[in-house]
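Student: Please read through the structure below; I'll follow up with questions.
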Amino acid sequence: MEAGTVTHPVLRFRRNLSDRVGDRLLRGLSGLAAAVAILAIGGILYEVARLAGPAISHFGLGFVTTNDWNPVSQRFGAAPFLYGTAVTALIALLLAGPLSIAISIYLTELAPRRLRRPVATLVDMLAAIPSVVLGLWGILVLGPFMHDTIEPALKSAFGFLPIFSGEPSAFGYLTAAFVLTIMATPIVTSVVREIFETVPGELKEGAYALGATRSEMVRMVILPYSRTGIVGAVILGLGRAIGEAIAVAQVIGGATGINISLFHTGGTLAAQIAAQFQGTTSALQKASLAYLGLILLVFTVLVNAVARWIVRRGAPREVRMTLTEAEAVP
Amino acid sequence: MSAPAHALLLDRGGLRRRRRFNRLVEAAATAAALLAVAVLLIVVGSVLVKGAGALSLHFLTTPMALFGEPGGGISNAIAGSAIMVALAAAMAIPVGLLVAIYTTEFAPRRFGHAVGFALDVLNGVPTIVTGIFVFGLLVAGRQQSGFAASVALAIVMLPIVARTGQEVLALVPGTLKEAAHALGIARWRTTLRVTVPTAAGGLITGALLAVARVAGETAPLILLSSIFGQGVLTDPRQALASIPIFIFRSSEAPSPEAHTQAWAAALVLIAVVLVLNVIARVLYARSRSKMGAR
């Protein structure tokens with residue numbers, strides 16, 4: 218229908234009103250949407266800080282180191298939940314990191330070509346399981362298994378360590394850490410796998426030509442080449458593990474103290490908010506939960522920024538793309 | 509790196525020992541992949557086995573029973589979830605698409621990067637914190653509502669829609685756009701009639717993935733739409749029931765009947781989520797190959 222304008226010598230002057238308005242409108246609207254996306258971060262930070270205001274002015278920075286959460290005496294602190302978050306996320310990544318590297322080695326070096334796609338897709342699908350379903354499974358299947366099998370085995374083998382002392386229990390730090398491992402592994406794997414795929418074939422062939430076995434090639438070529446990207450991928454998984462609220466709230470047991478034993482019940486920042494926000498008995502308690510949320514938000518934003526910065530510095534270009542896609546396109 | 513690596517090969521000697529170690533590493537890598545697939549099968553299998561028994565037409569078409577009473581179903585939860593997810597999609601998909609159009613078609617390079625970074629950070633914000641944000645914005649001092657929940661879900665969806673949108677729009681061959689420009693077609697028409705339709709498959713993928721992601725989202729709903737009335741409610745100005753909240757509540761209840769119901773609801777949810785994911789993947793692969801990428 219615009220064919221008529223094509224033959225006209227001076228196209229610029231034929232631009233009709235609808236085109237002039239349309240161009241401006243689309244540019245303006247889409248620019249507005251982009252601005253909203255940027256402003257949203259600031260808005261979230263502002264609003265959460267505003268809700269936390271009463272707790273911030275009441276407890277100050279001492280909130281972070283206070284090891285107490287008592288609605289009766291109105292004393293609230295973040296220490297038990299910072300501890301729980303750190304312990305569960307750390308264990309999850311100690312497990313998910315090596316697992317992801319091993320899975321990626323299988324997918325890029327070992328698996329028969331026909332199997333690569335399907336296995337990679339199945340691993341990705343693990344990330345698609347809703348966290349509330351994983352939590353349900355954690356309560357009813359994983360929890361009893363931890364209580365009956367895993368924790369007694371750890372206790373009999375390493376019971377002399379304080380972290381493996383105490384009574385086995387279905388709910389607690391370790392169960393939560395296992396659930397987080399299941400959630401973080403597919404995310405870390407999808408990034409690590411793509412990094413491994415960018416390792417130049419010449420380098421691998423060079424290692425083989427020197428007489429290296431496959432495991433020596435992985436150690437000499439793939440791991441050094443991908444080191445930066447792997448660190449970025451693991452930190453990205455850390456961001457996810459820190460922020461998970463529901464599945465952790467379901468399996469960690471909801472205790473509000475610090476316990477050295479990993480079998481013991483505990484709490485994390487995110488899980489504590491999910492567990493208590495609806496049932497607060499005072500405005501100060503609600504504000505304290507928002508304060509936990511503010512700490513959580515600052516942590517996750519920092520962790521995500523650092524992960525992207527690391528990868529931007531050291532990884533090949535394609536991997537930088539992958540990292541931003543990893544969560545968007547599982 | 510090269511000197512120690514070289515030494516490694518020479519000094520390690522004992523070919524048999526090296527081969528054995530190699531086989532050990534290969535077995536470990538294979539076992540790790542098997543473990544991941546096994547966990548998926550165990551989780552999905554548990555849901556299937558334990559949920560299938562309780563799943564019935566009655567369960568799908570009856571609203572939840574009063575608290576503490578046996579029986580009941582999830583019809584009000586299905587209705588509530590559908591309404592909240594649809595509202596969220598209606599907000600997040602157009603905005604996300606516009607963000608993607610802006611960064612690929614109009615934005616100066618620098619600003620485009622800034623928007624991409626903001627989307628990544630937004631994607632990393634824990635959903636429970638998004639819930640607190642919307643609580644302060646729409647619920648504090650008032651009451652919970654399905655609308656508030658859908659705003660939170662829309663915030664979760666936005667970066668997913670926008671990020672996949674950016675990626676597929678960038679794949680549209682420049683020659684197509686240049687052809688349109690050469691025909692004297694205005695930029696907005698080119699964008700809406702050439703670029704977007706060419707990338708349609710990938711754009712739908714992003715939208716489906718985002719819907720799949722928020723269909724199971726629970727954390728913000730606890731803060732924003734968890735205290736709801738009896739029966740099937742459809743007015744988003746009130747708090748609405750939802751499948752994730754139903755699973756969450758039932759999973760924390762002590763009775764085995766409640767657990768069976770939780771498994772059945774989980775089966776419904778997981779079926780929806782996995783089907784959406786599979787469709788999205790197929791569309792994505794087709795759209796990429798259509799545009800000649802990889």
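Chains as they are written, first to last, in the working numbering: chain P, 218 to 547; chain B, 509 to 802. Yeah, the Cβ is synthetic: ideal placement off N, Cα and C, and Gly gets one too.
For N284 (chain P), count the other beta carbons within 10 Å of its own beta carbon; 16 or more makes it buried, fewer makes it exposed. Which is it?
Tutor: N284 (chain P) is exposed by the Cβ-count criterion.
Student: Give the straight-line distance between the Cα atoms of G270 (chain P) and A504 (chain P), rounded to the nearest whole angstrom.
Tutor: Cα-Cα distance, rounded: 7 Å.
Student: Can you tell me whether DSSP reads R796 (chain B) as helix, strand or coil?
Tutor: In this structure, R796 (chain B) counts as helix in the three-state DSSP scheme.
Student: Compute the Euclidean distance between the alpha carbons of P547 (chain P) and G639 (chain B), then round it to the nearest angstrom.
Tutor: Below a pLDDT of 50, predicted positions are generally treated as unreliable, and P547 (chain P), at 38, falls in that range; no measurement from the model is reported.
Student: By Cβ distance below 8 Å, which residues in the same chain neighbour G221 (chain P) in space, the five residues on each side in sequence not counted?
Tutor: Because the pLDDT at G221 (chain P) is just 46, under 50, the model does not fix this residue reliably, and the point stays unresolved.
Student: Can you tell me where the alpha helix (DSSP H) holding F276 (chain P) begins and where it ends?
Tutor: Its alpha helix (DSSP H) spans residues 234-276.
Student: When burial is assigned at 16 or more other CB atoms within 10 Å of the CB, is H566 (chain B) buried or exposed?
Tutor: Looking at its Cβ environment, which holds fewer than 16 other Cβ atoms inside 10 Å, H566 (chain B) is exposed.
Student: Cβ closer than 9 Å: which chain P residues qualify as neighbours of H767 (chain B)?
Tutor: Result: L353, I356, L357.
Student: Along the region 622-640 of chain B, what residues have a CB closer than 9 Å to any CB found in chain P?
Tutor: Those would be A622, V623, G624, F625, A626, L627, D628, V629, L630, N631, G632, V633, P634, T635, I636, V637, T638, G639, I640, in chain order.
Student: Distance, Cα to Cα, E613 (chain B) vs T699 (chain B)?
Tutor: Their Cα atoms are separated by approximately 8 Å.
Student: At a Cβ threshold of 8 Å, is L655 (chain B) touching chain P?
Tutor: Strictly speaking, residue 655 (chain B) in this sequence is Phe, with Leu absent from that position. Not an interface residue.
Student: Who are the Cβ neighbours of T473 (chain P) in its own chain at under 7 Å, not counting the five residues just before and after it?
Tutor: Counting only Cβ-Cβ distances below 7 Å, and skipping sequence neighbours, we find W286, P297, G484.
Student: Rounded to the nearest angstrom, what separates G559 (chain B) and L501 (chain P) at their Cα positions?
Tutor: When rounded, the distance between both Cα atoms is 41 Å.
Student: Taking Cβ to Cβ, would you say M434 (chain P) is nearer than 8 Å to Y442 (chain P)?
Tutor: Taking 8 Å as the Cβ cut-off, M434 (chain P) and Y442 (chain P) do not qualify as a contacting pair.
Student: Are any of the Cβ atoms in chain P nearer than 8 Å to that of N785 (chain B)?
Tutor: Judged by the 8 Å Cβ criterion, N785 (chain B) is in contact with chain P.
Student: Given that a residue counts as buried once 16 or more other Cβ atoms are within 10 Å of its Cβ, and exposed if not, what is I735 (chain B)?
Tutor: Exposed: under 16 other Cβ atoms inside 10 Å.
Student: Return the Cβ separation of L627 (chain B) and A670 (chain B) in integer angstroms, given the expectation that the two are a contact with Cβ distance under 8 Å.
Tutor: 5 Å between Cβ atoms; contact.
Student: Taking V548 (chain P) as the query, report the chain B residues whose CB atoms sit under 8 Å from its CB, ordered along the chain.
Tutor: As shown, chain P starts at 218 and ends at 547. That puts residue 548 (chain P) outside it, with no answer to give.
Student: Residues of chain P with a CB under 8 Å from the CB of F736 (chain B): which are they?
Tutor: Residues of chain P passing the Cβ test: none, with the nearest at roughly 12 Å.
Student: Where does N284 (chain P) fall in DSSP's three states?
Tutor: Correct three-state label for N284 (chain P): coil.
Student: Three-state secondary structure (DSSP) at F754 (chain B)?
Tutor: Note: F754 (chain B) maps to helix in three-state DSSP.
Student: When Cβ atoms are compared, which residues of the region 600-621 of chain B fall closer than 9 Å to chain P?
Tutor: Listed by position, the residues of the region 600-621 of chain B near chain P (Cβ gap below 9 Å) are P602, V603, G604, L605, L606, V607, A608, I609, Y610, T611, E613, F614, A615, F619, G620.
Student: Below 8 Å between beta carbons: does that hold for G456 (chain P) and T517 (chain P)?
Tutor: In contact: G456 (chain P) and T517 (chain P) (Cβ atoms closer than 8 Å).
Student: Quick check on the DSSP output: the alpha helix (DSSP H) that includes G588 (chain B) runs from which residue to which?
Tutor: From DSSP, the alpha helix (DSSP H) with G588 (chain B) extends over 583-609.
Student: Could you check whether the Cβ of M400 (chain P) sits closer than 8 Å to any Cβ belonging to chain B?
Tutor: No, its Cβ sits nowhere closer than 8 Å to a Cβ of chain B.
Student: Are the region 595-606 of chain B and the region 650-669 of chain B touching, with three or more C-beta to C-beta distances below 8 Å?
Tutor: At 8 Å Cβ cutoff, the stretches touch.
Student: With which residues is M572 (chain B) paired in a DSSP beta bridge?
Tutor: Per DSSP, B:G580.
Student: With distance defined between alpha-carbon atoms, name the residue in B:P752, B:L542, B:T672 nearest to L717 (chain B).
Tutor: Ranking the options by Cα distance to L717 (chain B), first place goes to B:T672.
Student: Does DSSP put R292 (chain P) in a helix, in a strand, or in coil?
Tutor: Correct three-state label for R292 (chain P): strand.
Student: List the residues of chain P whose Cβ lies closer than 9 Å to the Cβ of L661 (chain B), in chain order.
Tutor: Near L661 (chain B) there are no residues of chain P at all, since even the closest Cβ is about 13 Å away, more than 9 Å.
Student: In whole angstroms, give me the CA-to-CA distance for L420 (chain P) and I404 (chain P).
Tutor: Spanning the two alpha carbons is a distance of roughly 27 Å.
Student: Rounded to the nearest angstrom, what separates S290 (chain P) and G496 (chain P) at their Cα positions?
Tutor: If I take the Cα positions, the gap works out to 16 Å.
Student: For the alpha helix (DSSP H) holding T430 (chain P), just list the boundary residues, first then last.
Tutor: Unbroken run through T430 (chain P): none, as it is neither H nor E.
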